[in-house]
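Quick note on numbering: the working numbering labels position 91 of the sequence shown as 322, and the sequence is numbered without any gaps. C-beta atoms are modelled at their ideal positions from N, C-alpha and C, and glycine is treated no differently. These numbers come from a predicted model, not from an experiment. Notes follow once the structure below has been shown.
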Amino acid sequence: MTDSLIAPSARARFVVTLPPEPSRIGDQLQRRAGASFTTLTDTKDAFLHLARRARERLVIITPYIDASGAAWAADLFDATDAPSKVLVLRGADQLTVCGAEGERLQRSATNVHDYALAGVLPNGQSYVETFHAKVVLADGAAAYVGSANFLYRSREKNLECGFLMEGDAVAPVAVLVEALLNVF
């Protein structure tokens, strides 16, 4: 761990998905004087930015995915020039339920990993090692970390929040993702 909580050189942008209009949160944002001076980046725009920025590898980590999310992820893999397109899910069988969009995503990804690994604790109790994180990482140089799953509701309906980061703040995210990918 580190004693420093602030990266020396980093940029972060707040990323959101807002519920469709009319929404109570949208109404409240319009009533706040400071909201008109605040830039809220749409989650779809942030993810597309990362896909276009990636040159070597684009990694999408999401525990949950549906047909709409599979299409979204496949669109991002199609939008990148990166030769390595990695998807990490919690239960790769979710792609089967996604039908044609799940098949398309499997064709678009160079690797699909299922991070739901059975294990046994020293006391003999079994468990599943898994995750709940949502990360999109472009080359270890830019990343989204937040609440948005690759689901229809996360893309179009729910209030989702996260950060689009660039610079030194991405390094710990990249280290974690690299460690996760080395599990497979």
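- Excluding residues up to 5 positions away in sequence, 296, 301, 320, 333, 334, 336, 337, 343 lie with their Cβ nearer than 8 Å to the Cβ of residue 326 in the same chain.
- Counting other Cβ atoms within 10 Å of its Cβ, residue 280 reaches 16 or more and is therefore classed as buried.
- Residue state for residue 326 is assigned as helix, using DSSP reduced to three classes.
- Setting aside the 5 residues that flank it on each side, residue 381 is surrounded in the same chain by 293, 296, 300, 303, 304, each with a C-beta closer than 6 Å to its C-beta; the list follows chain order.
- With respect to the C-alpha of residue 391, the residue from 376, 308, 329 having the closest C-alpha is 376.
- Following the DSSP letters along the chain, one finds residue 277 inside the alpha helix (DSSP H) bounded by residues 274-284.
- Ranked by how close their Cα comes to the Cα of residue 274, the residues 310, 406, 387 have 387 in first place.
- Of the candidates 397, 331, 246, 347, 347 places its Cα closest to the Cα of residue 414.
- Per DSSP, the beta bridge partners of residue 359 are 349.
- Three or more beta-carbon pairs separated by less than 8 Å link the segment 360-368 to the segment 393-413, which places the two stretches in contact.
- Along the segment 288-337, the alpha helix (DSSP H) occurs as fully enclosed runs of 4 or more residues at 298-310, 325-328, listed in sequence order.
- Shown here, residue 252 sits in coil according to DSSP, grouped into three states, outside any helix or strand.
- Straight through space, the alpha carbons of residue 312 and residue 283 are spaced by roughly 7 Å.
- Distance from the CA atom of residue 328 to the CA atom of residue 322, rounded to whole angstroms, is 11 Å.
- By the neighbour-count definition (other C-beta atoms within 10 Å, threshold 16), residue 359 is an exposed residue.
- DSSP lists 367, 395 as the beta-bridge partner residues of residue 375.
- Residue 342 has 317 as its beta-bridge partners, per DSSP.
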